[in-house]
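Peer 1: Residue numbers (this note's numbering): 27 to 176.
Note that the Cβ used here is the ideal one computed from N, Cα and C, for glycine as well.
One structure, as structure tokens, below. Some questions next.
See the structure below:
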């Protein structure tokens, strides 16, 4: 019985070490969004299949401005996507459920002083992936960026 207990403890310690090792591999990126309709930084990088945590921080002063982070699949046309998604984003605060197949990950809307987090696995295929703010008018004013997977 004592041998079984020692084996069980060893297995649990090994699982805990494995979990801690995975946690260390998460890349955390802070994206600031404000009154200038830009993501800062606008270009972020990840390795294929890397765990990425985006912390979206509202740093502007205009309380009426809300922003989100929507990472699109490579085959998604950003302008067409935003044209269809913006009304629902304004009304419901999120991407319409029927459009989720075009998105890798999306955050909730944030206002100045608020923050939101999303965690996702970077795409396996290297390349450039566009992220946008789907709130009405923001994409047209330049609120977009690139995730470079390499």
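(1) Taking residue 109 as part of the alpha helix (DSSP H), name the residues at either end of that continuous run.
(2) Distance, Cα to Cα, residue 78 vs residue 145?
(3) Measuring straight from C-alpha to C-alpha, what distance separates residue 163 and residue 71?
(4) Exposed or buried, what is residue 170 when buried is set at 16 or more other beta-carbons lying within 10 Å of its beta-carbon?
(5) Alpha carbon to alpha carbon, how far is residue 168 from residue 135?
(6) Counting Cβ pairs closer than 8 Å, one from the region 57 to 70 and one from the region 105 to 115, do we hit at least three?
(7) Using the C-alpha atoms, what's the distance from residue 143 back to residue 80?
(8) Can you give the Cα-Cα distance for residue 129 and residue 73, rounded to whole angstroms?
(9) Between residue 56 and the rest of its own chain, which residues show a CB-CB distance below 7 Å, the 5 nearest in sequence each way excluded?
(10) Quick one, which of 152, 160 and 174 has its alpha-carbon nearest residue 106's?
(11) With which residues is residue 66 paired in a DSSP beta bridge?
Peer 2: The structure says:
(1) 104 to 118
(2) 6 Å
(3) 26 Å
(4) buried
(5) 17 Å
(6) no
(7) Answer to the nearest angstrom: the Cα atoms are 6 Å apart.
(8) 19 Å
(9) 81 and 83
(10) 160
(11) 58
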